[in-house]
């Protein structure tokens, strides 16, 4: 329960089933709830920013971050070290972004002409940045998800290669080669953008 | 000239900068307890189970999705989040053949009835229902007694996620006196306040009141201070933004519009304290709205009309809370030539981002008392039907 609903209610009526308040125990480990909520307070905006860089879409970014924290909450008891929670949730956000990109790609392929009158949130977000940024971001969106991720972690978050490797679940060598290929591809794509 | 690396840095920082500090929506953790597990490393042999577990998980997801698409359940009813953050339960007002409206608690995915609830005497039926943010507590308005001027008692109906049992208890809010009908209810995002829209029965004007759910104290009241008494339009549905200060209410201002009330502004003039949102003329949205928790956009299902009022289709989409214009359409279905007996549906619930909706796309006719044709989840451009009962008149998630 996220907020008090009616602790002051009289509870005098028994028209339903005769259940008592004793059947509504405390929802459980408040420490996990509090810890995850505190982590969210501290890092939600940063992670939404990371997700919007990956996805270019604010609502989708918020959903991915929300899901990542719910996942962290569900697995809180399995964490060896709560100090690693941020790393866990950042990886979960990146995984969520990959899934969202795959889904968006499928939806874009299957969208009917009848369904296309919307102006997407991503367009609204892009409208807030200048033409040069739009060109780079547009090119970034056309990269494969893994290449995009490598560039975002390297140049947006300024993470060192070992940490990028951990976040992406690959070797540092793969990070190097992926980043290199991504930059080359991005250079070509930026040239193509009018 | 900047290097390509610098250009990536500045461009990514620019789009990241569109997310303002403090603008994250509230975190919505599952209502149930977090799984307890003794700390410690997973045994080495357990890693061999991972591929098998993954295969089983994929199978479960596929089977679950197929079952969901058939509207036969298949997703767990046990405590835990549903895909897309869908609430597990909803409360519905069901019209019995003999007339009175009972409340039913149902599971979202399977439609299974957990309990049928009748109001305690002397109240004879429920007239309105609203959901609280915890996804298993609801507010009901019970009216009675029969044959006399009716008063309204407000109740909390709680579902025990562990057992599926339900319990009804009176809220400490004073009785709503005779001559006033509760037209809409909405619980604030923190679960502490209840907005009540009242329709007058006599020479009064509509009112909107805000009560403390814990003490029952009336915190605020707004009224319509202009127009002929008894002729002013009434508030229909209401929904809150996550900030807890913006209350969207459906009110046929200037024809096809809605209003956003800032509950923190001083004053008692309902319209004076509200921002009016005007919708496009091609869609009748006024009574079919809900506000996303983010409060930026309004998600809606609507029917599309042409000049003569012919229904030419329906859609589920998001509309700008600032301009009223459509900014995203989730699902759209057209009826070339029009559909003469199709009424507007409604959006019952929207995820914080507005990207996942629970909605009834349409009614069997144009009148507000016509039954909804069905229920489903809109996600992406897909509509996944859910079980529905045609006798359900109102529902709340």
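Protein chains in written order, with the working numbering: chain A, 2 to 195; chain B, 348 to 744.
Glycine is no exception: its CB is placed at the ideal position from the N, C-alpha and C atoms.
How would you list, in chain order, the residues of chain A whose beta-carbon sits under 7 Å from the beta-carbon of residue i?
i, result
"residue 471/B", "By Cβ distance, chain A contributes nothing, its closest Cβ being about 12 Å from residue 471/B, past 7 Å."
"residue 557/B", "What residue 557/B touches in chain A: nothing, since even the nearest Cβ is about 15 Å away."
Given that residue i touches chain A, what residues does it touch there, using C-beta distances under 9 Å?
i, result
"residue 722/B", "Those within 9 Å of residue 722/B in chain A number zero; the least Cβ separation is about 21 Å."
"residue 432/B", "64, 67, 68, 71"
"residue 368/B", "46"
Interface residues of chain B around residue i at Cβ under 7 Å?
i, result
"residue 103/A", "Result: empty, since nearest Cβ-Cβ is about 12 Å, beyond 7 Å."
"residue 138/A", "358, 362"
"residue 50/A", "363, 366"
Can you tell which of the options has its C-alpha closest to the C-alpha of residue i?
i, options, result
"residue 560/B", "590/B, 665/B, 502/B", "502/B"
"residue 523/B", "543/B, 722/B, 595/B", "543/B"
"residue 732/B", "361/B, 458/B, 742/B", "458/B"
"residue 499/B", "470/B, 673/B, 639/B, 476/B", "470/B"
"residue 720/B", "702/B, 693/B, 726/B", "693/B"
"residue 587/B", "369/B, 477/B, 468/B", "477/B"
"residue 705/B", "675/B, 636/B, 666/B", "636/B"
"residue 592/B", "537/B, 702/B, 563/B", "537/B"
"residue 47/A", "74/A, 133/A, 95/A", "95/A"
"residue 465/B", "479/B, 441/B, 483/B", "441/B"
"residue 134/A", "665/B, 362/B, 664/B, 742/B", "362/B"
"residue 730/B", "368/B, 678/B, 443/B, 434/B", "678/B"
"residue 196/A", "51/A, 161/A, 132/A", "Shown here, chain A extends from 2 to 195; a query on residue 196/A therefore has no answer."
"residue 359/B", "44/A, 43/A, 97/A, 139/A", "139/A"
"residue 472/B", "435/B, 506/B, 604/B, 493/B", "493/B"
"residue 604/B", "668/B, 506/B, 370/B, 743/B", "668/B"
"residue 624/B", "567/B, 673/B, 541/B, 491/B", "673/B"
"residue 558/B", "506/B, 547/B, 486/B, 350/B", "486/B"
"residue 86/A", "168/A, 142/A, 174/A", "168/A"
"residue 547/B", "744/B, 497/B, 707/B", "497/B"
"residue 506/B", "528/B, 519/B, 491/B, 481/B", "481/B"
"residue 97/A", "136/A, 49/A, 144/A", "49/A"
"residue 74/A", "435/B, 443/B, 377/B", "377/B"
"residue 519/B", "554/B, 563/B, 528/B", "563/B"
In chain B, which residues lie with their C-beta within 8 Å of the C-beta of residue i?
i, result
"residue 63/A", "371, 372, 641, 699, 700"
"residue 157/A", "355, 356, 359, 360, 363"
"residue 56/A", "Under the 8 Å cutoff, chain B gives no residues; its nearest Cβ is about 10 Å from residue 56/A."
For a contact meaning CB atoms closer than 9 Å, what does residue i contact in chain B?
i, result
"residue 181/A", "In chain order: nothing, as chain B lies at least about 12 Å away."
"residue 188/A", "351"
"residue 89/A", "Near residue 89/A there are no residues of chain B at all, since even the closest Cβ is about 14 Å away, more than 9 Å."
"residue 38/A", "374, 376"
"residue 204/A", "One cannot answer for residue 204/A here, as it falls past the ends of chain A, which runs 2 to 195."
"residue 184/A", "351, 352, 355"
Contact defined as beta carbons within less than 8 Å: I believe residue i pairs with residue j. What is the distance between those atoms, to the nearest angstrom?
i, j, result
"residue 504/B", "residue 439/B", "So it is not a contact: roughly 11 Å between Cβ atoms."
"residue 552/B", "residue 571/B", "4 Å"
"residue 474/B", "residue 488/B", "5 Å"
"residue 157/A", "residue 612/B", "Wrong, their Cβ atoms sit about 40 Å apart, outside the cutoff."
"residue 467/B", "residue 63/A", "The pair is not a contact, with the Cβ atoms about 42 Å apart (cut-off 8 Å)."
"residue 483/B", "residue 508/B", "5 Å"
"residue 661/B", "residue 620/B", "About 32 Å separates the two Cβ atoms, so there is no contact after all."
"residue 626/B", "residue 664/B", "At roughly 11 Å, the Cβ-Cβ gap does not stay under 8 Å, so residue 626/B and residue 664/B are not in contact."
"residue 814/B", "residue 606/B", "A query on residue 814/B cannot be resolved here, the shown segment of chain B reaching from 348 to 744 and no further."
"residue 186/A", "residue 176/A", "About 16 Å; that fails the 8 Å criterion."
"residue 708/B", "residue 727/B", "Between residue 727/B and residue 708/B the Cβ distance is about 16 Å, and since that is not below 8 Å, they are no contact."
**OP:** Answer yes if the segment 138-157 of chain A comes into contact with the segment 62-77 of chain A, meaning at least three C-beta pairs across the two stretches below 8 Å, and no otherwise.
**Re:** The segment 62-77 of chain A makes no contact with the segment 138-157 of chain A: fewer than 3 CB pairs, one atom from each, lie closer than 8 Å.
**OP:** Scan the segment 352-363 of chain B for residues whose Cβ lies nearer than 8 Å to a Cβ of chain A and list them as they occur along the chain.
**Re:** Listed by position along the chain: 352, 354, 355, 356, 357, 358, 359, 360, 361, 362, 363.
Original post:
On the three-pair Cβ rule with 8 Å, is the segment 503-517 of chain B touching the segment 529-536 of chain B?
Top reply: Three or more beta-carbon pairs separated by less than 8 Å are not found between the segment 503-517 of chain B and the segment 529-536 of chain B, which leaves the two stretches without contact.
Original post:
Can at least three beta-carbon pairs, one atom from the segment 726-744 of chain B and one from the segment 452-466 of chain B, be found at a separation below 8 Å?
Top reply: Below 8 Å, enough C-beta pairs join the segment 726-744 of chain B and the segment 452-466 of chain B to call them touching: three or more.
Original post:
What residues from the segment 499-531 of chain B come within 7 Å of chain A, judged by C-beta to C-beta, listed N to C?
Top reply: If the cut-off is 7 Å between Cβ atoms, the segment 499-531 of chain B has 503, 505, 507, 510, 512, 513, 514, 515, 516, 517, 518, 519 near chain A.
Original post:
Is there contact here, the segment 691-702 of chain B with the segment 41-56 of chain A, by at least three beta-carbon pairs under 8 Å?
Top reply: Result no; under three Cβ-Cβ pairs closer than 8 Å.
**OP:** Kindly confirm or deny that the segment 31-42 of chain A and the segment 78-94 of chain A touch, where touching means at least three C-beta pairs closer than 8 Å.
**Re:** Result yes; three or more Cβ-Cβ pairs closer than 8 Å.
Original post:
Quick check: the segment 36-49 of chain A against the segment 81-101 of chain A, are there 3 or more CB pairs under 8 Å?
Top reply: Remark: three or more beta-carbon pairs, one from each stretch, lie closer than 8 Å, so the segment 36-49 of chain A and the segment 81-101 of chain A are flagged as touching.
Original post:
What residues in the segment 165-177 of chain A bring their beta carbon closer than 7 Å to a beta carbon of chain B?
Top reply: For the segment 165-177 of chain A, which is checked against every Cβ of chain B, not one residue is closer than 7 Å.
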